[in-house]
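169 is the number that our numbering gives to position 166 of the sequence shown; each next residue is one higher, with no gaps.
Ideal placement from N, C-alpha and C gives every residue a C-beta, glycine not left out.
It should be emphasised that the depicted structure is a prediction, and the values quoted were computed from it without experimental measurement.
Following: one structure in structure tokens, then a few remarks.
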Amino acid sequence: MAATPGMNPTPADEAREAVVEAALGKLDLDAKARLLSGQDMWTLPELPEIGLKSLVMSDGPIGVRGVRWTADDPSVALPSPTALAATWDPELARRAGVLLAQEARRKGVHVLLAPTVNLHRSPLGGRHFEAYSEDPYLTGEIGSGYVNGVQSGGVGTTVKHFVANDAETDRFTVNNLVSERALRELYLAPFETIVANAHPWGIMTAYNTVNGTTMTEHHYLVNEVLRGEWGFDGFNVSDWMAARSTTGAIEGGLDVAMPGPVTVYGEALAAAVRTGEIKETKVDEAVRRVLRLAARVGILEGADPVVTEPPATVDGDALAREIARRAFVLVRNEVRNGQPALPLRPGAKIALIGSAARDARVLGGGSATVFPPRIVSPLDGLTAAFPEGTLTYAVGADPNTELAVADKGFALRAICRDADGHVIGADPAPNGTVQWFDTALPEGVTPEALHTVELTGTFTPRESGPHTFGIKGLGAFKLTIDGTTYFDAVQTTDKDDPFVSFFGAPVPRAEADLTAGTPVEVSLSYVVALPDNLPVKVVAFSLCHQEPQRDPDDLIAEAVEAARAADTAVVVVATTERVESEGFDRKDLHLPGRQDDLVRAVAAANPDTVVVVNSGSPVELPWRDDVAAVLLTWFPGQEGGAALADVLTGTHEPGGRLPTTWCALPDAPVTQVVPTAGELAYDEDVFIGYRAWEKNGATPSYPFGHGLGYTDWTYESIEVTDGTTATVRVRNTGDRAGRETIQLYLAPTTPDANRPPRWLAGFATVEAAPGETTEAVIRLPRRAFEIWDETANSWVYVEGSYEVEAGRSVADRRLTATIAPDYARTPNP
Ligand code: BGC
């Protein structure tokens, strides 16, 4: 890992800087201005005159989609960021990063648009699943591991979205009003930690405004805090279409405006320099940072990349499975007659229930979406793990109240035609989504020649009855099923989000009576049009489908029968893409459809009911005390079903601890995500998540840090030496080997209404065999004792005595030591 030039440059950094300076000196103003502007959706232009190749960026947090964003160009899909944070293991996050670098290299990507380190301010935040935690310390530690991992593979990161992009409503325009103290102690803190611990090569500035200034023009937060105070030396890219003004952006420290080709930089920037509005040195500063990035990733001639030998190859499927089971949080595991509900007894007859058990939701929606090469559903995973004849399956309830992208049973191709109807190219279409940017069209197809795309092939239903078909996208479509044309018109929208073609709702357009097992011809044609509110030519639409809707009461009755006939019922409940995705916030935390009714009915029929919750962020579980076990599996990634089998059979422990409080919406400390007159006031200040729960003395459904394994632990002793280094000794008192996450909370001995009663100050995972003791040594950083003083405009160490509490969650603290550290004597970074 390279040290940050300027802070602690190595000879290799200095050599790269020299190449950067020489290259910068050779560029004229027009070339420099061009380099700062996207040339298309994902890339910057090449500049052959200095030996610079085109820089390629790609989303995102759980997989690398590459410049082509279609199912025929698959990518390993890891569990959601909430899941990664639930492992409480920065080393595992680092390994995830190494895999993502490998994926990026395979796809020719130089910079990964990740990680997302905004905070879980409110459970309603639409991209909650894509961020790590409600706690800035945990977020910073997981994010540091991730960035270190990606960059150790020679691939850059853009830590995003800087800053306070904690909800989605009106995200392009909202003015978030946040106190300096809340910014410093909460929202900026993960960025600061990651800059210090992992030296990211990039940052992405957010769509939103903070305290009156849009983030792509925020001189104070970008130039003064991020670069000035923290010494960040990487490049700053706008979120997609976030840059608004040439002068504002360049003065505010924005280096690259994406996507292109039409941006506020390029010709507009060169012109502003020529009129004297902008100094050329400002442009040079930005270009220098882009060239430094290019040198680091190895696309600037003459500069040695930071990483010359990529790390050893990682098995992506195996890592996805390991992270998933290490992330699953067992929040309830009732013991009856001395026997816990989980792991399942060998030989038990299992009734697996739930639509998501068969059609698993393995990842969240929006720009974080990738197309995995395979998906192991719970039904696949359990079928492989349990002896034949011991597993039955019933749908129970279908949460998909809307159409979903055509998938199971469809065999499709996308055929491109010119204006005369001649075929000019084609691509396989593993599902119903076509998403092409002008630079990534099927072979032989040019944006100029492309007139129509037809998604065509067969559909073989798995159920008889009325099937609904629909369209996601904007423009002129023609939908034909089994020889009948149902729709031939223009589909429009009243939403002004430029990404509505990607993330908008599907519209039902046809209902056809079909017979299970009998294939029919399907065709959806789209006349390609350049959306006038996107700067880039893009083809984006989906054929959507919904199975015949059965009577919900019948479905529940069938599931109840199956549960009665089994020893254990395993019910998988889930959210849908229409509930958790990018571009909108959640309205409530309910499980969609009749899933709550289903769980209640099954639990009434079989007390041995285990509920598996497949959602990226908290949902309400009103029946949680009436079932034998509750296992939270997040969006578990492509190997989720295999990991579920590992945990249910007990070959592995569920290793997760909650990175965020789970509660019912009315009890959540922050529910305000909708701006009033364009403004969203963070009135709760520093009291989000467990900080608020602790202050209010209230008990949520499941507290921050909670999670059970398959063995028991006794916390034996805590000792704090040097005032700041805690040694915690624990014993595995169960009968199997296990892993424990030891959490340290810091609580001022004299309560202070301005501070939370306690906060996370350190953690470590340890492993021990049955009967064995083990120790964790955890250093408490100085920052854990500091607050941001708004009058002094600086961090202030708060003297006095503190309790260091070691425990299994914020609510289950087992050991306490009282300390009064003196940082004047024992400095600790
Ligand atoms: C998202 C970013 C993403 C970008 C590029 C934006 O809409 O907010 O997180 O990296 O698109 O896909």
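Quick one, which of the options has its alpha-carbon nearest residue i's?
{"i": "Asn-609", "options": "Glu-391, Ala-562, Ala-74", "result": "Ala-562"}
{"i": "Gln-210", "options": "Ala-201, Asp-242, Asp-491", "result": "The sequence given here places Tyr at residue 210; Gln does not occur at that position. Answer by Cα proximity: Asp-242."}
{"i": "Ala-671", "options": "Ala-729, Thr-518, His-123, Ile-197", "result": "His-123"}
{"i": "Leu-668", "options": "Ala-680, Leu-601, His-593", "result": "His-593"}
{"i": "Leu-783", "options": "Thr-753, Arg-816, Asp-825", "result": "Asp-825"}
{"i": "Ala-88", "options": "Arg-739, Leu-116, Gly-143", "result": "Gly-143"}
{"i": "Thr-250", "options": "Lys-481, Val-228, Ile-281", "result": "Ile-281"}
{"i": "Glu-52", "options": "Ile-65, Arg-761, Leu-38", "result": "Leu-38"}
{"i": "Leu-749", "options": "Ala-772, Ile-197, Glu-227, Val-723", "result": "Val-723"}
{"i": "Glu-137", "options": "Cys-547, Arg-581, Ala-192, Glu-183", "result": "Ala-192"}
{"i": "Arg-108", "options": "Val-523, Phe-707, Ser-528, Thr-311", "result": "Thr-311"}
{"i": "His-164", "options": "Tyr-190, Ala-387, Gly-148, Ile-145", "result": "Tyr-190"}
{"i": "Val-427", "options": "Glu-446, Leu-415, Thr-436, Pro-433", "result": "It should be pointed out that residue 427 corresponds to Ile in this sequence rather than to Val. Cα-wise, what sits closest to Ile-427 is Glu-446."}
{"i": "Ala-199", "options": "Val-456, Val-162, Asp-169, Thr-212", "result": "Val-162"}
{"i": "Thr-160", "options": "Val-67, Gly-28, Gln-494, Leu-415", "result": "Val-67"}
{"i": "Met-244", "options": "Thr-730, Met-207, Arg-758", "result": "Met-207"}
{"i": "Tyr-693", "options": "Asn-121, Val-801, Thr-463, Thr-663", "result": "Thr-663"}
{"i": "Ala-767", "options": "Ala-756, Val-733, Phe-788", "result": "Val-733"}
{"i": "Val-525", "options": "Asn-168, Ala-417, Tyr-805", "result": "Ala-417"}
{"i": "Asp-758", "options": "Ala-772, Phe-788, Ile-781", "result": "Before going on, a small fix: residue 758 reads as Arg here, not Asp. Closest by alpha carbon: Phe-788."}
{"i": "Lys-110", "options": "Ala-795, Asp-75, Pro-82, Pro-126", "result": "Asp-75"}
{"i": "Glu-220", "options": "Trp-204, Leu-257, Arg-364, Ala-201", "result": "Leu-257"}
{"i": "Val-267", "options": "Ser-620, Ile-822, Val-801, Ala-36", "result": "Ala-36"}
{"i": "Asn-617", "options": "Ser-358, Val-510, Glu-802", "result": "Ser-358"}
{"i": "Pro-381", "options": "Val-689, Gln-641, Gly-54, Glu-24", "result": "Gln-641"}
Is it the case that the CB of residue i approaches a heavy atom of ligand 1 more closely than 6 Å?
{"i": "Asp-62", "result": "yes"}
{"i": "Leu-103", "result": "no"}
{"i": "Ser-40", "result": "no"}
{"i": "Leu-116", "result": "yes"}
{"i": "Ser-370", "result": "yes"}
{"i": "Trp-243", "result": "yes"}
Return the chain-ordered list of same chain residues with a C-beta closer than 6 Å to the C-beta of residue i, the five sequence neighbours on each side being excluded.
{"i": "Val-630", "result": "Ala-606, Thr-612, Val-614"}
{"i": "Thr-579", "result": "Pro-402, Asn-403, Pro-595"}
{"i": "Ala-513", "result": "Phe-472, Leu-482, Ile-484, Tyr-489"}
{"i": "Leu-651", "result": "Leu-347"}
{"i": "Gly-9", "result": "Note that Gly-9 scores 44 on pLDDT, short of 50, meaning its location in the model is unreliable and no value can be drawn from it."}
{"i": "Leu-711", "result": "Leu-333, Asn-336"}
{"i": "Ala-820", "result": "Ile-721, Val-723, Val-807"}
{"i": "Glu-891", "result": "Within the shown structure, residues of the chain are numbered from 4 to 832, placing residue 891 beyond reach of any answer."}
{"i": "Arg-19", "result": "Ala-298, Ala-306"}
{"i": "Ala-414", "result": "Gly-460, Thr-461"}
Among residues of its own chain, excluding the 5 on either side of residue i, which ones have a beta-carbon nearer than 7 Å to its beta-carbon?
{"i": "Asp-72", "result": "Note that residue 72 is Trp in the sequence shown, not Asp. Excluding positions up to five away in sequence, the list reads Gln-438."}
{"i": "Pro-64", "result": "Pro-84, Ala-117, Pro-118, Thr-119, Glu-133, Ala-371"}
{"i": "Arg-567", "result": "Ala-608, Asn-609"}
{"i": "Val-582", "result": "Arg-589, Pro-595"}
{"i": "Val-799", "result": "Glu-789, Ile-790, Asp-792"}
{"i": "Ala-275", "result": "Thr-249, Thr-250, Ile-281"}
Who are the Cβ neighbours of residue i in its own chain at under 8 Å, not counting the five residues just before and after it?
{"i": "Arg-101", "result": "Arg is not the amino acid found at residue 101; the sequence shown has Val there. Taken in chain order, the residues that qualify are Gly-152, Val-153, Ser-155, Gly-156, Pro-314, Val-317."}
{"i": "Glu-171", "result": "Gly-128, Gly-129, Arg-130, Glu-585, Gly-586, Phe-587, Asp-588, Val-676"}
{"i": "Ser-812", "result": "Arg-660, Leu-661, Pro-706, Phe-707, Gly-708, His-709, Gly-710, Gln-746"}
{"i": "Ala-158", "result": "Per the sequence shown, the amino acid found at residue 158 is Val instead of Ala. Within the same chain, Val-158 has close Cβ partners Leu-103, Ala-104, Ala-107, Arg-108, Val-112, His-113, Val-114, Leu-115, Val-300."}
{"i": "Pro-14", "result": "none"}
May I ask you to verify whether the segment 598-616 touches the segment 563-572, counting CB pairs closer than 8 Å and requiring at least 3? yes
On the three-pair Cβ rule with 8 Å, is the segment 88-96 touching the segment 340-354? no
Kindly confirm or deny that the segment 327-339 and the segment 171-178 touch, where touching means at least three C-beta pairs closer than 8 Å. no
On the three-pair Cβ rule with 8 Å, is the segment 672-686 touching the segment 774-782? no
Looking at C-beta atoms only, is the number of pairs between the segment 698-705 and the segment 719-739 that lie closer than 8 Å three or more? By the Cβ test, the segment 698-705 is not in contact with the segment 719-739, since fewer than three Cβ pairs between them sit closer than 8 Å.
Between the segment 683-695 and the segment 295-306, do three or more beta carbon pairs fall short of 8 Å? Between the segment 683-695 and the segment 295-306 there are fewer than three C-beta pairs closer than 8 Å, too few to call the two in contact.
Would you be able to state if there are at least three C-beta pairs under 8 Å between the segment 402-420 and the segment 541-550? yes
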